[in-house]
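All remarks here apply to the structure that follows.
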Amino acid sequence: MSGIKHWLSTWRAYDIANTLAAAFVGASLYARQQEQQLSSHADPFIDATNVTAKPMQQAMAEAWDADPGEMAAATFEFWLFVFAMGSSPIAWIVTYAFQSVTPATWAAFLPWVAVTFGSLFKGLSVIACAAFAGTYWFHGLLMLPLDLYATPDALKQLMVSKVQPNKRVDPHKLPKAVLNMVGNLVFVAFPIVTGLVYASLKTDHFLRVDEGLPSHKERCLCLASVHHSGFRLPWHFGPDEQPDFHDFHHQKFTCNYGHLGILDALHGTSKMYLDHCAKLAAAKQKGE
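Numbering follows full-length UniProt numbering, with no gaps: position 278 of the sequence shown is 278.
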């Protein structure tokens, strides 16, 4: 139970407020989408976006009565996206944009992909690979200046802590690292992503993307993510101990298997990490 106690102790007032805000935004967004969908089904000749909106409390109550499981999943999904991306301002924008995609939007998107790229498989493969590479490089380039130029004092002023403060990037090794990353993307990542797209389109064993938009329940089951940024940013979510939690997994492969840390706390596989944190805290206190 020490793992659970530790996880609960990481919650701050900011984290509680952030969770409540994410839950409210996720639930209200889902309620409005359901309201528009019901309006369009009631009269297909009426533009649902121009229908007078119901009071938010009423819209949320009706959405809950219609399908409580789906609304709960949508709410949890919004929070989990924000949580997994570090609760940054960009995370909120990306999550809101992602959650704003409706079944009608998705139904219009798939034909456009097929026409533009010649086939659904080609189009989704290109888009998936571009999204994968774009996210990878954009995130890495954002963090690179901190590794190259930021001094410990500068990081402290920015309220950013480096997971491995004694490790610095050697600029002379960057070209080789870039070539390795490009090789991994082209010869490893892209074939895997393309294979997943093919499996999704041609089999029933993966999340289908060529049919209706997956439900929020299905999407929640498919969400899995870990952080590898190497920096703890000021807006991080307290109970989300990434990237420290996952970084320790690379040091000791027999612990810290999960992303959220809850299951590791339940099964005791985070004990080694907790002992490590206790030793660091004791050493820091002794040094001060």
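Ideal Cβ positions, reconstructed from N, Cα and C, are used throughout, including at glycine.
query                                                                                                                           : result
Sequence-distant residues of its chain with Cβ nearer than 6 angstroms to Ala224 (five each side left out)                      : Note on Ala224: pLDDT 48, under 50, position unreliable in the model; the coordinate value appears next. Contacts found: none.
Where Lys271 sits in the DSSP three-state scheme                                                                                : helix
Buried or exposed (CB count within 10 angstroms, at least 16 for buried), Lys171                                                : Checking the displayed sequence, the identity of residue 171 turns out to be Pro instead of Lys. Pro171 is exposed by the Cβ-count criterion.
At least three beta-carbon pairs within less than 8 angstroms, the region 6-23 to the region 62-70                              : no
Per-residue DSSP class, three states only, for Ser161                                                                           : strand
Nearest candidate by alpha-carbon position, reference Gly69, set Asp275, His249 and His216                                      : His216
Neighbourhood of Tyr198 by C-beta distance below 7 angstroms, restricted to the same chain and skipping five residues each side : Phe121
Contact check, Leu142 vs Val160, beta carbons under 8 angstroms                                                                 : no
Beta carbon of Tyr30 nearer than 8 angstroms to that of Met56                                                                   : no
Tyr136, enclosing alpha helix (DSSP H) - first and last residue                                                                 : Leu120 to Leu148
Nearest neighbour of residue 296, chosen from Leu185, Trp79 and Gln285 [CA to CA]                                               : Examination of residue 296 is not possible in this model, given that the chain is present from 1 through 288 alone.
Exposure of Asp275, with buried meaning 16 or more beta-carbon neighbours within 10 Å                                           : exposed
4-residue-minimum alpha helix (DSSP H) runs that sit fully inside the region 52-126, ordered along the chain                    : 56-66, 68-84, 89-99 and 103-117
CA-to-CA distance, Pro243 to Met272, given in whole angstroms                                                                   : 16 angstroms
Exposure of Phe187, with buried meaning 16 or more beta-carbon neighbours within 10 Å                                           : exposed
Cβ shell of Phe190 (< 6 angstroms), same chain only, five flanking positions each side left out                                 : Cys129
Collapsed DSSP secondary structure at Asp15 in the structure displayed                                                          : helix
Nearest-angstrom Cα separation, counted from Asp15 out to Ala108                                                                : 37 angstroms
Contact belief for Leu213 with Val82 at Cβ below 8 angstroms, rounded distance in angstroms                                     : Wrong, their Cβ atoms sit about 20 angstroms apart, outside the cutoff.
Bounding residues of the alpha helix (DSSP H) (the contiguous stretch that carries Pro191)                                      : Phe190 to Lys202
Gly26 beta carbon near the ligand NAP (any heavy atom closer than 7 angstroms)                                                  : Judged by which ligands are present, the structure shown has none, so any question about the ligand NAP falls away.
Cβ-based neighbour list, Thr19, same chain, cut-off 7 angstroms, excluding 5 preceding and 5 following                          : Trp79
Glu218 versus Ala17, Ala22, Glu35 and Glu77, residue with shortest Cα-Cα distance                                               : Glu77
Rounded straight-line distance, which links the Cα of Thr194 to that of Arg208                                                  : 14 angstroms
Span separating the alpha-carbon of Leu124 from that of Glu211                                                                  : 13 angstroms
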